[in-house]
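Heads up: the sequence lines are chains A and B, in that order. Counting in full-length UniProt numbering, the first sequence tops out at residue 155, every number present. Counting in full-length UniProt numbering, the second sequence tops out at residue 469, every number present. The beta carbon of each residue, even a glycine, is placed where N, CA and C say it ideally should be. These numbers come from a predicted model, not from an experiment.
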Amino acid sequence: MNRPTRLLLAAGALLALLLAGCGVRPSDVISGGPAPAGTVEGVRFYLLSDGEPTVVLRGLKPMRLDEMLSVLAAGPTPTEQQAGFTSEVPADIAPAKIGVAGDGVLVSLATEVRGLSVLAVVQIVCTVQAVAGDAPVTLVNGEQSRGPLKCPAYL
Amino acid sequence: MTRWGLGLRGRLLLAFAMLGLTTTALVAGVSYGQARTVVLQKAQDAAVLSLVDEVTRLDPVRELPPSPEQLNAIVAALAEGPDAAAVLYRDGYASSGLHPSEIPQPLRAEVRDGRVVWQRFSRDGTPTLAIGTQLRTKRPDGSTEPTGIEVYRLHPLADEQHSIDQLAALAWSTGAASLVLAVLLALLAARGVLRPVSELGRAARRLGEGDLKTRATVHGSDELAGVALIFNQTAERLERQVGELRRMEADARRFVADVSHELRTPLAAMTAVTDVLDEEAERLPGDAGKAARLVSQETQNLAQLVEDLIEISRFDAGTAALACDDIDVGAAIRATLRSRGWTDQVTIALPDRVLAWLDPRRLDVIVANLVGNALRHGAAPVTVDLRAVDGWVEVTVSDYGPGLTPEVRDHVFDRFYKADSARSRSEGAGLGLAIALENARLHGGTLVAGNRSPHGAVFSLRVPRGGTA
């Protein structure tokens, strides 16, 4: 390759680079800060979506914890079912009684706590904590108890 | 000249243009890239911040899964101006100005990680910024969790594209301007370099043509100035040496002139004595008479030589002057031949009334020398032709002898040149043709020697009819 050809090639490459670099080009996905949180109004329940505990809101008037557990035990509404929500909380946990155990919440269920599935326990604990805040939750039925438990942070 | 046939100017131009282009391309390219990044980043950050802000200030979500009305309300709150928005919840969605399938798939995948993400892509040829985020909700313990609602907004970057295009146009015009500037600078630099070079070239040519006083102008103290300095030193040395040679030659000529003058007076006396001797030679017995005639002959030759030398000296000294007259050239030539007693040996072709403004004595010398030479060295018949051509008079003396060999022809007008080294001394010192040539030149004419076919030498004298005066 002689000198003029090399020079022409270099100039061409430079020009191509300049032309290709012009304008607004597509980019990869860029990550920013954490997703923003909006406000919600209504009562939070935790149902299962594809085996994951997921929050749902029911536009109800604020209610007591024992009432909430009765509603949770009643299972997903038709709308929620249509959206693919399920529940593992058995209907026979109601009626539940709410008490205090140290700095935590004591929930007395109407059914054996040992027989509850892990997901059902998570549903109950998260639903209780949605109202009770950070306080750990202990589930009891007679002598049986589970906890104190916290709603998993990964949600 | 280089391989490409470019001169120094072309090479300088090319180098400057390449330098200017490369520098401008680099500077303009880098600053264009930086400016573009800044413009885009600003626009993107503003769009992302605005979306995040608006999402934070949305009306509270009352139902999950959200009702279609609720999704529509969110879309209505987020779609503004040229921006299109879409809200997705599981399989359901509400949107304004776009279909969820238009949202780049990688972006949708990244949104699930719980961060605000964005991506530039081309939407129907328009550069567009797609921003996506989850709508999360705060839990009583302060942490957040996803509501399952995903919000997307497409923000066209047409304005930014316009600004960036303007930047590019600016960069291009800067490049063009700098190229023009580089070419101008190159021309200026080339002038600065080439002017001394061409000056030096002119000086060298003048020196070569014999103008020894030529000097190059020395500008500044660069390499070219060094060359000019060396050139000047060389020219100076040359001038000095040539001057020295000329002085020596002049000295030698003056010496000859002086000697000739000094010899003239004693020779005049000797001639007077030998004239008497000549008259008495008849009466002198035997060898004495021969010796007296020999002395007389040699004295005459010597006197002629001295006269010739004095004549040559006058030419050399530049003191030879023309004493012109309006003469009939044919008549003058006839007179010359008659006075030498050559009329019978020479064939003449002399038209009448060829008038010219010439020095009759010098014309006589020239013709006598040419004819005398022809008679001595050539063979009969010797002819003298006279022709008047335009403003010139041409006298041609030719013979039918063996002609001139190339070597003789080159030197025939040299002083003391004798074609035949074995020639007797009495036939002349070899100054005749030199004097004839000088006389021709003095008239502003030429005298050339040549041969003619089949054999014989030709001497042609050409002098202007009007003379040089």
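At 4 residues or longer, what runs of the alpha helix (DSSP H) sit wholly inside the region 61 to 94 of chain B? 68 to 78
CB contact check: residue 209 of chain B to chain A, cutoff 7 angstroms: no
Can you list the residues of chain A that residue 138 of chain B reaches, using a CB-CB cut of under 7 angstroms? Going along chain A in sequence order, the residues near residue 138 of chain B (Cβ under 7 angstroms) are 37.
Quick check on this structure: which residue in A:149, A:141, A:59 and A:104 has the alpha carbon closest to the alpha carbon of residue 93 of chain A? Closest option to residue 93 of chain A, Cα to Cα, is A:141.
Would you list the one or two residues that DSSP bridges to residue 117 of chain A? Answer is none; residue 117 of chain A lacks a bridge partner.
By how many angstroms is the C-alpha of residue 99 of chain A removed from the C-alpha of residue 157 of chain B? 58 angstroms
Where residue 148 of chain B meets chain E, residues with beta-carbon distance less than 7 angstroms: The chain labelled as chain E is not found among the protein chains of the depicted structure, namely A and B.
Once DSSP output is grouped into helix, strand and coil, what is the label at residue 121 of chain B? In the structure shown, residue 121 of chain B falls within a strand segment according to DSSP collapsed to helix, strand and coil.
Could you check which residue in B:48, B:193, B:238 and B:68 has the C-alpha nearest to that of residue 152 of chain B? B:48
Write down every uninterrupted run of the beta strand (DSSP E) in the region 35 to 100 of chain A whose length is 3 residues or greater and which is fully enclosed by it, in chain order. Entirely contained in the region 35 to 100 of chain A, the beta strand (DSSP E) runs reaching 3 residues are, in chain order, 43 to 49 and 52 to 58.
Those residues which DSSP pairs with residue 271 of chain B across a bridge: Among the bridge pairs identified by DSSP, residue 271 of chain B is matched with none.
Between the C-alpha atoms of residue 1 of chain B and residue 235 of chain B, what's the straight-line distance to the nearest angstrom? Note that residue 1 of chain B scores 42 on pLDDT, short of 50, meaning its location in the model is unreliable; the coordinates nonetheless yield the value given after this. Their Cα atoms are separated by approximately 27 angstroms.
With respect to the beta strand (DSSP E) encompassing residue 152 of chain B, which residues constitute its N-terminal and C-terminal limits? 144 to 156
Residue 127 of chain B: first and last residue of the uninterrupted beta strand (DSSP E) it sits in: In the DSSP annotation of this structure, the continuous segment of the beta strand (DSSP E) that includes residue 127 of chain B starts and ends at 126 to 138.
How would you call residue 273 of chain B, buried or exposed, if buried means at least 16 neighbouring beta carbons within 10 angstroms? By the Cβ neighbour-count rule, residue 273 of chain B is exposed, with fewer than 16 other Cβ atoms within 10 Å of its own.
Can you tell me whether DSSP reads residue 424 of chain B as helix, strand or coil? For residue 424 of chain B, the predicted model reports a pLDDT of 49, less than 50, meaning its position is unreliable and no value from the coordinates is stated.
Rounded to the nearest angstrom, what separates residue 262 of chain B and residue 243 of chain B at their Cα positions? 28 angstroms
List the residues that DSSP assigns as beta-bridge partners of residue 359 of chain B. Its beta-bridge partners do not exist; DSSP assigns none.
Below 8 angstroms, can you find three or more Cβ-Cβ pairs linking the region 99 to 110 of chain B to the region 160 to 180 of chain B? no
What does the Cβ neighbour count give for residue 81 of chain A, buried or exposed, with the cut at 16 atoms within 10 Å? exposed
Please list, in chain order, the chain A residues whose beta carbon lies closer than 8 angstroms to that of residue 110 of chain B. 29 and 31
Can you find a C-beta in chain B that's less than 7 angstroms from the C-beta of residue 100 of chain A? no
Round the Cβ separation of residue 75 of chain B and residue 96 of chain B to the nearest angstrom and send it over; I've been treating them as touching at under 8 angstroms. 5 angstroms
Name the chain A residues whose beta carbon is nearer than 9 angstroms to that of residue 161 of chain B? Under the 9 angstroms cutoff, chain A gives 23 and 24.
Among the residues of its own chain, which have a CB less than 7 angstroms from the CB of residue 28 of chain B, if the five just before and after it don't count? For residue 28 of chain B, the CB contacts under 7 angstroms within the same chain, skipping 5 residues up- and downstream, are 171, 174 and 175 in chain order.
Decide if residue 297 of chain B is buried, meaning its Cβ has at least 16 other Cβ atoms within 10 Å, or exposed. exposed
Count the CB pairs spanning the region 306 to 316 of chain B and the region 337 to 357 of chain B that are closer than 8 angstroms, and state whether there are at least three. no
Can you tell me where the alpha helix (DSSP H) holding residue 24 of chain B begins and where it ends? 8 to 56
Out of curiosity, what's the CA-to-CA distance linking residue 380 of chain B and residue 300 of chain B? 27 angstroms
Who are the neighbours of residue 118 of chain B on chain A, taking C-beta pairs under 8 angstroms? 29, 30 and 32
What would DSSP say about residue 24 of chain A, mapped onto helix, strand or coil? coil
Taking the alpha helix (DSSP H) that residue 298 of chain B falls in, what are its first and last residues? 286 to 317
Is residue 140 of chain A close to chain B? Criterion is C-beta to C-beta, closer than 7 angstroms. no
With DSSP collapsed to three states, give me the class of residue 342 of chain B. Coil, per DSSP.
Residue environment, residue 282 of chain B, which counts as buried when at least 16 other CB atoms sit within 10 Å: exposed
With DSSP as the reference, identify every bridge partner of residue 464 of chain B, one or two as the case may be. B:392
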